[in-house]
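Numbering (UniProt numbering), first residue to last: 1 to 710.
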């Protein structure tokens with residue numbers, strides 16, 4: 001081979017190699033989480049590289065306000081500490097990529113993350129590189145990549161306005177709390193409203209005056225059939241029994257030897273409609289009520305179901321649609337699939353021709369669908385083996401609620417009966433389910449039958465027994481997580497993405513605590529709320545906060561400018577801040593004497609307030625730093641050493657556990673409270689465990705259980 005031929009051959013090989021190199025360049029897709037990246041990567045194939053930003057990459061600095069108030073409230077964003085390696089890798093991957101797509105979550109926060117990533121990578125803002133999907137399935141993902149769009153700056157501005165407003169509130173009020181109350185406190189815009197609602201309810205409970213009232217439940221008999229009725233009133237008019245004298249007056253009018261007459265029978269058919277599919281709020285509420293899930297736990301499990309679960313078919317698949325939504329809208333294809341499923345598995349009589357339509361809350365955006373399974377054919381029973389217990393419980397709830405929403409109503413035959421003698425009226429109500437409808441799927445919604453005898457007007461019945469009972473009106477119940485989320489939503493405070501972090505924040509700051517699943521304000525929470533309520537009334541005003549949320553929605557719709565919205569809020573607020581700094585006197589949180597002396601220096605011990613509640617500390621702090629946890633003695637002998645007693649303690653995560661008072665000499669530990677009795681089967685100590693409906697005594701070492709104590 002000649003030299004010229006060799007050179008020509010080498011040139012051809014080099015040219016071919018360059019072409020291969022260009023051809024092998026991959027398209028880069030940036031999502032938020034590694035699990036989401038893994039799922040999407042399998043759908044898109046080898047020509048794409050999918051990486052995760054691990055959430056936000058830029059934010060306002062923690063050490064200072066980070067908002068330039070004098071120059072249109074411009075935020076000073078910095079790279080988040082600890083994200084240097086992630087950003088470095090993103091820049092490296094973007095430089096080597098054929099194209100870059102931003103596929104963070106399809107909401108305001110996700111849009112803001114995409115915008116921050118684009119800024120760090122110096123991407124062209126006019127380029128169509130934003131991809132969104134509301135379910136992570138193969139078809140949905142591939143369809144989304146066919147129509148990329150530019151970053152929606154209205155969404156970015158709405159999120160930016162929220163972030164700036166929250167920073168202005170937090171970094172203006174918090175220093176006042178440090179100076180006037182104690183160091184380490186902080187305040188926020190939405191959580192201040194939530195705290196205020198909890199304390200308002202607590203004040204209602206404290207100021208509640210019980211009122212006496214009585215009822216009369218009576219047993220009646222027609223032939224051999226017995227039924228129960230309750231006192232209604234006199235001469236057809238409803239009457240209340242306020243005291244025992246009123247009860248005796250009624251009973252004296254009755255002649256137990258004479259028959260009572262059925263004066264009215266009202267038979268009706270009642271149709272109970274299914275509820276619409278879940279929004280973020282209703283999912284959190286139902287998961288709290290039915291599954292005893294905390295709001296944060298619900299959102300974590302929902303995130304996992306959305307991002308993808310490996311169901312044994314090679315690729316992971318998102319089992320539910322996007323979990324942050326305030327819409328009850330359902331896509332036509334999902335409705336059709338559900339209708340087919342219901343016809344095949346339950347019968348045509350269960351499939352609704354016009355499924356229930358949910359009513360949008362005022363201010364709801366309807367941008368996303370409701371929360372539903374990505375395919376109704378993936379039943380909870382079939383998915384169970386691939387899911388954790390928490391994932392399964394939540395998926396079963398979401399799937400059941402969605403399928404039920406596409407089904408026919410429950411039909412119940414009802415009967416209301418009026419029973420009269422000497423002008424005294426009793427009422428009995430009966431019901432029997434005629435057709436179960438949607439309750440066939442959505443268990444726990446059925447209700448119980450209460451079947452009355454076959455009664456007709458003019459029938460004679462006998463009173464067998466009367467049972468008067470004294471009652472007292474009860475104060476309003478403290479908020480559960482479900483009830484608080486519902487109240488916030490009804491008042492237009494917060495949005496789907498804010499409920500869980502809001503509830504988490506007020507607990508972490510120890511402004512409130514959960515006792516028996518209900519919120520109770522702490523002493524610290526009441527002090528902070530009192531200061532904020534007096535000095536910053538708009539911050540805790542539900543109506544005002546809802547108006548701010550509406551303004552954020554209008555920014556998202558392009559109807560308002562974010563700088564003007566922030567300015568309209570901050571100008572009057574800054575005057576309140578200046579007034580508070582001058583007028584608020586320092587609040588001295590006096591230390592309460594503990595009644596014992598320090599083991600180290602002999603000075604009196606006092607009770608102080610810490611991050612997780614009260615604790616004992618030496619009064620000579622900081623000269624003496626001796627501290628002790630405040631423990632509750634149960635009075636039960638330690639089952640391990642038999643010398644100390646079992647005391648209630650709290651872990652670093654604020655979870656209650658039980659240990660020996662002689663710790664560290666005795667390392668006895670139990671998550672459930674020992675009761676001081678031994679198991680009759682194996683002699684192991686018995687514990688009391690909280691269960692649905694009350695408490696149960698059981699043996700942690702075996703199968704011995706006692707009846708649930710309600």
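All C-beta atoms, glycine included, are put in the ideal place defined by N, C-alpha and C.
- Excluding sequence positions up to five before and after residue 604, its CB lies within less than 7 angstroms of the CB of 593, 597, 619, all in the same chain and listed in chain order.
- Shown here, residue 188 sits in coil according to DSSP, grouped into three states, outside any helix or strand.
- A direct Cα-Cα distance of roughly 25 angstroms separates residue 179 from residue 197.
- For residue 90, no beta strand (DSSP E) encloses it; the enclosing alpha helix (DSSP H) starts and ends at 84-96.
- Contact check between the region 390-405 and the region 299-310: three or more CB pairs, one atom from each, fall below 8 angstroms, which counts as touching.
- Nearest in C-alpha terms to residue 688, of all of 174, 636, 615, is 636.
- Per DSSP, residue 650 is not a residue of any alpha helix (DSSP H); the beta strand (DSSP E) it occupies stretches across 645-650.
- Of all C-beta pairs linking the region 71-83 to the region 98-106, fewer than three are shorter than 8 angstroms, placing the two stretches out of contact.
- Between residue 40 and residue 58, the gap from beta carbon to beta carbon reaches 8 angstroms or more.
- Residue 318 is positioned such that its CB atom lies no closer than 8 angstroms to that of residue 332.
- Taken atom to atom, the span from the alpha-carbon of residue 410 to that of residue 430 is near 16 angstroms.
- Under the criterion of beta carbons closer than 8 angstroms, residue 221 and residue 418 do not qualify as touching, at roughly 17 angstroms.
- Shortest Cα-Cα distance from residue 163 to any of 56, 34, 229 involves 56.
- Considering only 436, 428, 439, the residue with the shortest C-alpha distance to residue 450 is 428.
- Taking every protein chain shown into account, the CB of residue 374 has 16 or more other CB atoms within 10 angstroms, so this residue is buried.
- Residue 544 sits away from residue 478, with the two beta carbons spaced by 8 angstroms or more.
- The secondary-structure analysis by DSSP pairs residue 29 across a beta bridge with 50, 101.
- In the three-state reduction of the DSSP assignment, residue 368 falls in the coil class, being assigned neither a helical nor a strand state.
- DSSP lists 67 as the beta-bridge partner residues of residue 75.
- Minimum Cα-Cα distance from residue 590 among the listed residues 639, 542, 527 corresponds to 527.
- By the beta-carbon neighbour count (other beta carbons within 10 angstroms, threshold 16), residue 149 is exposed.
- Residue environment for residue 568: exposed (fewer than 16 other C-beta atoms within 10 angstroms of its C-beta).
- Cβ-Cβ distances below 8 angstroms link residue 651 to 657 in the same chain, with the five nearest sequence neighbours on each side left out; the list follows chain order.
- Residue 354 carries a coil assignment under DSSP once its states are collapsed to helix, strand and coil.
- A contact is defined here as three or more CB-CB pairs under 8 angstroms, and the region 321-337 fails this definition with respect to the region 142-158.
- DSSP, reduced to helix, strand and coil, places residue 196 within a helical segment of the structure shown.
- The criterion of a C-beta distance shorter than 8 angstroms is satisfied by residue 356 and residue 405.
- Taking C-beta atoms as the reference points, residue 407 and residue 342 count as a pair closer than 8 angstroms.
- Under the 8 angstroms Cβ criterion, the region 669-681 counts as touching the region 625-645, having at least three qualifying pairs.
- Per DSSP, the unbroken alpha helix (DSSP H) holding residue 289 starts and ends at 280-291.
- Of 426, 70, 659, the smallest CA-CA separation from residue 631 is found for 659.
- Distance between residue 25 and residue 34, taken at the CA atoms: about 22 angstroms.
- Counting every other CB atom within 10 Å of its CB across the protein chains shown gives residue 286 a total of 16 or more, marking it as buried.
- In the structure shown, residue 116 falls within a helical segment according to DSSP collapsed to helix, strand and coil.
- In this structure, residue 134 sits away from residue 471, with a CB-CB distance that is not shorter than 8 angstroms.
- Rounded to the nearest angstrom, the Cβ distance from residue 216 to residue 466 is 6 angstroms, consistent with a contact under 8 angstroms.
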